[in-house]
Amino acid sequence: MTDISDEELDRLERLIPEYASIAGRRAFLDALARRQTILIVKDGWLVRINTDGSETRLEPSAPKHKVTAGQLFKLRPT
């Protein structure tokens with residue numbers, strides 16, 4: 001196995017959000033190309049994007065955990 005410096009590892013780790021964003025966008029566009037409906041959260045609502053590109057509001061999106069900014073909490077393992 002090749003040793004990687006801490007700096008190189010940090011650089012690679014900083015790329016993860018960008019790659020995740022690209023992968024998510026690609027999956028979104030792929031689903032549209034396959035004429036599949038897509039479920040997203042938009043402006044606090046659960047929204048279905050239909051195959052024709054129109055949007056249907058389904059219901060308000062409820063947070064799984066209500067927290068205050070800066071508050072720490074632990075999640076139980078699932």
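Straight run, no breaks: the sequence shown in the UniProt record's numbering ends on number 78. Note that CB positions come from ideal geometry on N, CA and C, so glycine has one too. Quick caveat, the model's predicted, so the values are computed rather than measured.
Looking at residue i: is its Cβ nearer than 8 Å to the Cβ of residue j?
{"i": "Val-47", "j": "Arg-34", "result": "no"}
{"i": "Trp-45", "j": "Pro-60", "result": "yes"}
Suppose the cutoff is 6 Å on Cβ atoms and the five residues either side in sequence are ignored; what does the same chain contact list for residue i look like?
{"i": "Ala-31", "result": "Ile-38"}
Between residue i and chain C, is the shortest Cβ-Cβ distance under 8 Å, so that the two count as touching?
{"i": "Leu-58", "result": "Among the chains of the structure shown, chain C does not appear; only one protein chain is present."}
Taking 8 Å as the limit between beta carbons, can you name the residues of its chain near residue i, skipping five residues before and five after?
{"i": "Lys-42", "result": "Glu-55"}
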